[in-house]
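Just so we're on the same page, our numbering is the position in the sequence shown counted from 1, plus 584.
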Amino acid sequence: MAVDPQKSLFRVASVSKIPTSIAAMQLVEQGKVDLDADISAYLDFEIERRFDEPLTLRHLLTHSAGFDEHGSLTPTTDLEAYVKNDPPAQVFAPGTTPGYSNYGMALAGYIVQRVSGQPFEAYVREHVLEPAGMTSSTYEQPLPKDMAGSLGPGYTSTGEEVPFELMGAFPAGSLTVSAPDFAAFMNAQLSRSPKLLREETWEQMWSPGLGEERLGNRAKAGEMGLGYFELSRHGRRIVEHSGDLPSGWHSKFELYPEEKTGIFISYNGDGNEASSSLREDLAQGFADRYFPGETVKASGSKDSAERARQVAGSYVPSRTYWTTFMSAWMPAYSSVSIEHAGDGKLKVDETQLVEVEPWVWRQVDGSTAIAAQVKDGKVVSLSQGPAFTLLPMTLLQQALVPVFGVCLVLLLVVTVAWPVGALRRRRALRRGQEVGAPVPWLTRVARGGGAVALAAQLTWTLLLVVMATNMYSLYDGSGSFTWLIPVARCAQVLQALGVVAIIPAAADLVMSLRRRAGWRRVTMSAILLTALVALAWWAWAGNALVLSLGM
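What follows is the structure, encoded as structure tokens:
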């Protein structure tokens, strides 16, 4: 359908977090919520804690609550059910390790619902959207009938239309808007509209929410305000947010508070990297045209190259799966590689950054920044923008995928060799040739356990492929993946049986050695035991057998 500039609707995904944050801060202004009090005072259920520090609304709005990545296999539009059913684990101490979290923002929306006594959608419509002049915007799912016809479809990379997807974390991503509505919303923000918030609250939301005292040198890569990303283009302060949906919607808005200027970009298209990067190119082009400034220059420090070499390496983002079975493949799908590009420059994907001060690198023609936290001369973490922390990949994490792959090959060898050996034995008997004793029952049990472990690996591989192709849908709780639950449980049962198979495999190897069963059988028994033990380590280190299936 053709776009009507006045009436067409766009799904803005994570830009939805801004009205949610404003709603939460309205309750802070009214004294109904304390920004720095533990959120347990506003909830009707307990969140599992791993740290003694309070978990606050400030942490939710700055994406520093420390939550594990959270996905949903069953989409729901019931906010209470979403936040209560299988919440993510807390893996970092609050306020220490920013990690973008849809669940955290959904929880902020649930606090708005609980404290206000109104359904979240109704409160935001009445107290944020309508006062801002947004009369044709909504968080409702699916869209009301009178609005549905104004929303174009999303598209896959092959041009196929994608139907409207329901989102579980809808305070974090379900807002649908028109261009005139969002223009009104930007004007309300730039004018610090008193209909929404006091002037000092606007500035509080646009200022660093944690500060250098909590983040150390990492704060120099940009910080989260309260719901807003803070960054810089040509030395000018910008507060902004972007959003993506797996169905091919990409959005972004940037505000220049001092210049009282804003830009809003939203379009539907495929979900590939080239399509999603278009908005960044447009935003940078806007800055180059209307707010030009000096190009970012390297500091020229003689120690830049050494610092760049120390930073170069493989990292794990804080926003990933740490405690569920998906952590077993974390290095394969979410690791970040940083290269030393020479002369003290760093390279992330195709983006080059120069050091502008010790341990701080910035993109020459963009807004990307990296800042390192160093302790005892060693890089312990990086900030890649306001809400994304990178942690050095450990040797254990680096070993997970190779160990899985090697075990897959070894178990394939043993499993295939078993029937091949039986066929060779049968042919020899038919020819009247002398053959050794048949395979003992203990060997058969051990190799049967190996076959079960191999079946577990193949099932995990199927899950990995599905997860990799639907990662965004899992992140935001859209799309139904209930069929994965029995598949995942089946893989866990098979994996557990593979662990148990270590016992007969070890006994078989001992007996084969004692009986001098021949080099072929001893070799196969040794390979099988090695593979089963290594795979058991992988299952333990990669959380493959944990009961929670949060994805």
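Glycine included, C-beta positions come from ideal geometry on N, C-alpha and C.
I'd like to confirm the pairing. Which residues does DSSP put opposite residue i in its beta bridges?
| i | result |
| --- | --- |
| threonine 818 | As written in the sequence, residue 818 is histidine, which differs from the threonine given in the question. For histidine 818, which the question treats as bridged, DSSP gives no partner whatsoever. |
| tryptophan 945 | Glu939, Ile954 |
| proline 976 | Tyr899 |
| tyrosine 812 | Per DSSP, none; premise fails for tyrosine 812. |
| glutamine 982 | DSSP output for glutamine 982 lists no bridge partner at all. |
| glutamate 824 | Phe813, Glu838 |
| glycine 683 | Phe972 |
| threonine 722 | Thr760 |
| leucine 829 | Trp833 |
| glutamine 674 | Phe651 |
| lysine 886 | In the DSSP output, where bridge partners are listed per residue, lysine 886 has none listed. |
| lysine 881 | None, per the DSSP bridge assignment. |
| lysine 729 | Bridge partners of lysine 729: none, in fact. |
Since I believe residue j is in contact with residue i (beta carbons under 8 Å), could you give me their beta-carbon distance rounded to a whole number of angstroms?
| i | j | result |
| --- | --- | --- |
| threonine 907 | valine 1130 | 7 Å |
| arginine 802 | glutamine 947 | Rounded, the Cβ-Cβ distance is 17 Å, inconsistent with contact. |
| leucine 984 | tryptophan 1122 | 6 Å |
| methionine 609 | methionine 789 | 6 Å |
| phenylalanine 651 | proline 682 | In fact, because the Cβ distance is near 11 Å, the residues do not count as touching under 8 Å. |
| serine 951 | serine 816 | 7 Å |
| glutamate 664 | tyrosine 694 | 7 Å |
| aspartate 835 | isoleucine 849 | Note on residue identity: the sequence assigns serine, not aspartate, to residue 835. 7 Å between Cβ atoms; contact. |
| valine 880 | valine 940 | 6 Å |
| proline 678 | leucine 639 | 5 Å |
| threonine 660 | glycine 752 | 5 Å |
| isoleucine 1086 | alanine 1120 | 6 Å |
| leucine 966 | alanine 955 | 7 Å |
Whose CA, out of the options, lies closest to the CA of residue i?
| i | options | result |
| --- | --- | --- |
| tyrosine 666 | Gln674, Asp933, Gly655 | Gly655 |
| isoleucine 922 | Tyr899, Arg1104, Ser967 | Tyr899 |
| valine 1071 | Thr1043, Met1095, Ile1086 | Thr1043 |
| phenylalanine 909 | Gly1126, Ala673, Ser850 | Gly1126 |
| valine 963 | Gly969, Val823, Met977 | Met977 |
| tyrosine 874 | Arg820, Ser919, Arg893 | Arg820 |
| valine 876 | Ser883, Ala882, Ala867 | The sequence as given places proline at residue 876; valine does not occur at that position. For proline 876, the nearest C-alpha among the options comes from Ala867. |
| valine 531 | Ala1039, Met1108, Thr845 | This structure cannot settle anything about residue 531, because the visible part of the chain is limited to 585 through 1135. |
| glutamate 613 | Lys779, Asp765, Pro764 | Lys779 |
| alanine 1089 | Ala1118, Ala896, Gln982 | Ala1118 |
| valine 596 | Phe651, Ala1110, Tyr851 | Tyr851 |
| glutamate 864 | Ala1080, Thr935, Trp1025 | Thr935 |
| alanine 892 | Val880, Val932, Ala871, Ser861 | Val932 |
| aspartate 960 | Trp945, Gln894, Leu974, Ser734 | Gln894 |
| leucine 1113 | Leu994, Trp1002, Glu797 | Leu994 |
| glycine 1034 | Gly1082, Pro737, Leu1047, Lys616 | Gly1082 |
| arginine 634 | Leu1116, Ala625, Ala649, Asp620 | Ala649 |
| tyrosine 626 | Asp636, Glu637, Leu611 | Leu611 |
| phenylalanine 766 | Asp872, Phe754, Leu992, Lys591 | Lys591 |
| methionine 808 | Glu890, Gly800, Glu824 | Glu824 |
| serine 721 | Asp670, Pro901, Leu996, Ser758 | Ser758 |
| leucine 810 | Ala1120, Met770, Ala607 | Ala607 |
| tyrosine 812 | Ala1037, Val699, Ala971, Leu1048 | Ala971 |
| alanine 732 | Thr740, Thr742, Tyr739, Pro747 | Pro747 |
| glutamate 749 | Thr742, Ser762, Leu735, Leu1047 | Leu735 |
| threonine 760 | Gly1102, Val599, Gly884 | Val599 |
| glutamate 714 | Phe769, Asp730, Pro728 | Phe769 |
How is the beta strand (DSSP E) around residue i delimited, first residue to last?
| i | result |
| --- | --- |
| histidine 654 | Premise fails: histidine 654 is in no beta strand (DSSP E) and is neither H nor E. |
| isoleucine 847 | 845 to 852 |
| lysine 962 | 962 to 968 |
| phenylalanine 704 | Run containing phenylalanine 704: none in the beta strand (DSSP E); it sits in the alpha helix (DSSP H), 704 to 708. |
Residue i: beta carbon under 6 Å from a heavy atom of the ligand FAD?
| i | result |
| --- | --- |
| alanine 690 | As for the ligand FAD, it is missing from this structure, which has no ligand bound. |
For residue i, report the span of its alpha helix (DSSP H) as first-last.
| i | result |
| --- | --- |
| glutamate 783 | 783 to 789 |
| serine 1096 | 1086 to 1098 |
| glutamate 664 | 663 to 668 |
| serine 700 | 686 to 700 |
| leucine 839 | Taken as a continuous stretch (DSSP letters only), leucine 839 belongs to no alpha helix (DSSP H), being part of the beta strand (DSSP E) at 833 to 840. |
| leucine 1112 | 1103 to 1125 |
Does any CB atom of chain C fall closer than 7 Å to the CB of residue i?
| i | result |
| --- | --- |
| cysteine 991 | Any reference to chain C falls outside this structure, which holds one protein chain only. |
>> For a minimum of 4 consecutive residues, which ranges assigned as the alpha helix (DSSP H) are wholly contained in the region 892 to 937?
In response: With a minimum length of 4 residues, the unbroken runs of alpha helix (DSSP H) contained wholly in the region 892 to 937 fall at 914 to 917.
>> For a minimum of 4 consecutive residues, which ranges assigned as the alpha helix (DSSP H) are wholly contained in the region 587 to 645?
In response: You should have 601 to 613, 641 to 645.
>> Suppose only complete runs of 4+ residues qualify. What are the alpha helix (DSSP H) ranges in the region 732 to 807, listed by chain order?
In response: The region 732 to 807 contains these whole alpha helix (DSSP H) runs: 763 to 774, 783 to 789, 796 to 799.
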